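Trainee:
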Amino acid sequence: MSGIQSIRNGLTGNITKIIVVAIIITFIGSVGWAGFFSQGSANIIAKVGSQEISAADLSFEASTQQFSLNQRFPGQEIEEDIIINLSKEVLIDKFSILDFLYKNNIYLTDGFVYKALSDEEQFQENGRFSKNRFDSFARSNGFIPSDYLKRVKEDFLLSIWNQSIAASSFVIDDDINESIQLAEQLRDITFIKIPRIKFEEKIILVDEDLENYYDLNKASFTSPEKAKITYTVLDSEDIKEDILISDEEIDSEYQDYSNNFDRTQRKSVSHIMLNIDDSRTSDVALQEIEKIKNEFDTGKSFEELALEYSEDGGTKDIGGSLGITDGTLLPPEFEEALLDMVVGETRSIELMTSIHLLKLDEIIQPEPESIEERSEQIIDTLTSIKAEELYVELLDEVSNMAFTSSDIQNISKNLDLDVVETDFVAKNELPESLQSQNLIDYIFQDSFESNFPEIIELSELSAVLIQVTDYLEEKQLSFQEVKSQIQNVYLAEETMKASKKFGENSVSELQNGLEISELSIQQGQTLENYKGIKRDSSLLPIQAVNQIFTLPKSKSGEAFGYSIAQNGDTFIFRLDDVTPGSVSVTDEEKQSITDFLSQQKITSELAELQVYLEDSLSVQKLN
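Per my numbering, the sequence shown runs over residues 382 to 1004.
1. Is the CB-CB distance between SER468 and GLU506 below 8 angstroms?
2. In terms of alpha-carbon separation, which member of VAL800, ASN910, GLN991, GLN906 lies closest to LYS579?
3. Going by C-alpha distance, which of MET782, PRO834, ASN656, GLU630 is nearest GLU757?
4. Tell me TYR943's beta-bridge partners as DSSP assigns them.
5. Who are VAL801's beta bridge partners in DSSP?
6. Is the beta carbon of ASP438 sitting closer than 8 angstroms to the one on LEU472?
7. Quick check: what's the CA-CA separation for SER617 versus LEU771?
8. Applying the criterion that 16 or more other CB atoms from any shown protein chain within 10 Å of the CB defines a buried residue, is ILE955 buried or exposed?
9. Taking its Cβ as the centre, do 16 or more other Cβ atoms sit within 10 Å of GLU634, making it buried, or is it exposed?
10. Alpha carbon to alpha carbon, what distance is there between ASN424 and ARG644?
11. When the Cβ atoms of the region 585-602 are set against those of the region 980-990, are three or more pairs found closer than 8 angstroms?
12. Do SER601 and LYS856 have their CB atoms nearer than 8 angstroms?
13. Just reading off the beta strand (DSSP E) that PHE572 is part of, what are its end residues?
14. Consult DSSP for ASN424 and reduce its assignment to one of helix, strand or coil.
15. Quick one, which of ASP788, PRO812, ASP797 has its alpha-carbon nearest GLU835's?
16. What number of angstroms, rounded off, separates the C-alpha of PHE537 from the C-alpha of LEU820?
17. By alpha-carbon positions, which one of SER751, LYS878, GLN746, PHE715 ends up nearest to ARG647?
18. Span of the alpha helix (DSSP H) holding LEU920?
19. In terms of residue numbering, what span does the beta strand (DSSP E) encompassing ASN948 cover?
20. Buried or exposed: ARG568, going by 16 or more other Cβ atoms within 10 Å of its Cβ?
21. How do the region 887-900 and the region 862-876 stand: do at least 3 beta-carbon pairs fall below 8 angstroms, yes or no?
22. Comparing alpha-carbon positions, which option in GLN848, PRO749, LYS574, GLU685 lies nearest HIS652?
23. Count the CB pairs spanning the region 606-613 and the region 852-868 that are closer than 8 angstroms, and state whether there are at least three.
24. With DSSP as the reference, please indicate the residues paired to ALA844 in a beta bridge.
25. Distance, Cα to Cα, SER663 vs ILE673?
26. Do the region 692-701 and the region 711-731 meet, that is, are 3 or more Cβ pairs less than 8 angstroms apart?
27. Count the other C-beta atoms from every protein chain shown that fall within 10 angstroms of the C-beta of VAL779, then say buried if there are 16 or more, exposed otherwise.
28. Thinking C-alpha only, which one of ASP976, LEU900, GLN924 is nearest ILE573?
29. Would you call ASP698 buried or exposed, if buried means 16 or more other Cβ atoms sit within 10 Å of its Cβ?
30. So, are the CB atoms of PHE833 and LYS808 less than 8 angstroms apart?
31. Could you pull out every unbroken alpha helix (DSSP H) segment of at least 4 residues lying fully inside the region 851-905, listed in chain order?
32. Can you confirm whether the region 481-497 touches the region 525-544 when touching is taken to mean that 3 or more C-beta pairs between the two stretches lie within less than 8 angstroms?
33. What separation, rounded to the nearest whole angstrom, lies between the Cα atoms of LEU739 and ASP658?
34. Would GLN636 be called buried (16 or more neighbouring beta carbons within 10 Å of its own) or exposed?
35. Considering TYR823, what are the terminal residues of the alpha helix (DSSP H) in which it resides?
36. Specify the secondary structure class of TYR993 as computed by DSSP and reduced to three states.
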């Protein structure tokens, strides 16, 4: 199956179900950065094939990447240039694929996206997908709905591309068996272990060498800036714990909900559309519609008929669905016809330039939830409202007191707040509750003076009342202060150098005819051997096992190697024999290997396709 056909199949199959959640998470994760959409999209910064990358595209992608990096590396400041350059590369990759897909007439309709998102609660109204809810969701997060939809469609299409390539990739049994044989391979070895102490005891520490090492690595021997901090956290979530909602409040809130509930009857509607134009008169179109209606009446599904006949590109792929109307959303001719239609009935409707076979799918009569069903949500809502009000009051009180008092302990005592005092801490030692860039910038200012308590807001409903009580600047540590540390580091490095040199020399001597038994006598170490070593063996350090399995298969006793373990011990070994692994593994083990190989192949194929697409396109960077 061709790659293009795989994509087309992905558009009509269940593959979208796999990626819906990922799409939603991506965009929810970028909430707060949506304001970048307001930037002039006409400002084009690059062209990839026929696709243009705007400043708004770059801003949004940069904010998305920054959000992702902040999640992975909390408290770490990522340079802006790194984020911008990463975002540009991501956009070039993205638009090179989109250019390829669009040139092959692979697009997503609005209806396709709406259908794919129809099961997500945030886009539902009365259990059905609502475009109004979709648009409202976009606006509530600062997006222009059309821009939001455009990006959702792009991400859908890119995800379908990846999933379709993955679905068309496979590994053959020969590859699987070969991998199993390699994975289960056994090796016989003869070896000598030289303890680290043998090399370490030969190294003489001289102050001159240590001082030279210090001079060359001064930047490694500094004491970071540190601060002593007193603080208390203000958070509406903590306030919620002490809030109780009475039955009377629940009843009152429920009455408001019930009284304001929209009970307007709604109807779910589908259609099949035929255009009226120079090649088809209204009479001909009406005859064709009647034939389609007869097919429906004799048992063919409306969804199949819509896919086969409808000329409405936005709805044919979703069974002709026009969504849900409250009596005002569809053309007046449609709404008038629906007034006396029953569920399942079809009716022909003629408009100026088209004829439609209209079908009433369902009549929906919304009813409010019972108080029992609604109470938990009511309690959560009222608790949040009260907590927010109390938080604002508390923040005002704290602000007023902090303005006139330099004693954070006194403020906290008066307001019954828990206070935390730290010893001197560096940036990477700050408590988790203080891992905010705003707080870090405040605590570690360029200059320090004894100051009043300061309120730093962390979010809309959380803040920290904080006071830096003492500060230590970053300083260069003297040689004498770090001499013992340097001794340990220098000794470790020199020991490693000696071990490496010994390993290289020993392998060279063995390759030139020295017997490994003679080497063991020279070193005063016992000659040992293991048979049937596996890749996951714990008989030797992992570094040694890995090195043993990198040796090429050769005549018995002609392959040699060395390895330095994490503890500094050095192993000199000879490969004596290689036994191919058995392919008789459990189904579970075979499946695990198959999955691993498949993922490797998918990753490789996607990377190769990406390189091919970018090499075949003109990429023009304008800014």
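From the three backbone atoms N, C-alpha and C, an ideal C-beta is built for every residue, glycine too. The structure presented is a predicted model; accordingly, all values stated were derived computationally and were not measured.
Mentor: So, from the data block:
1. no
2. GLN906
3. GLU630
4. ILE953
5. TYR612
6. yes
7. 8 angstroms
8. Residue 955 is actually Arg in this sequence, not Ile. It is buried - the Cβ of ARG955 has at least 16 other Cβ atoms within 10 Å.
9. buried
10. 47 angstroms
11. no
12. no
13. 567-575
14. coil
15. ASP788
16. 38 angstroms
17. GLN746
18. No alpha helix (DSSP H) holds LEU920; DSSP gives it neither H nor E.
19. Unbroken run through ASN948: none, as it is neither H nor E.
20. buried
21. no
22. GLU685
23. yes
24. LEU615, GLU838
25. 15 angstroms
26. no
27. buried
28. LEU900
29. buried
30. no
31. 860-892, 897-904
32. yes
33. 20 angstroms
34. exposed
35. 818-824
36. helix
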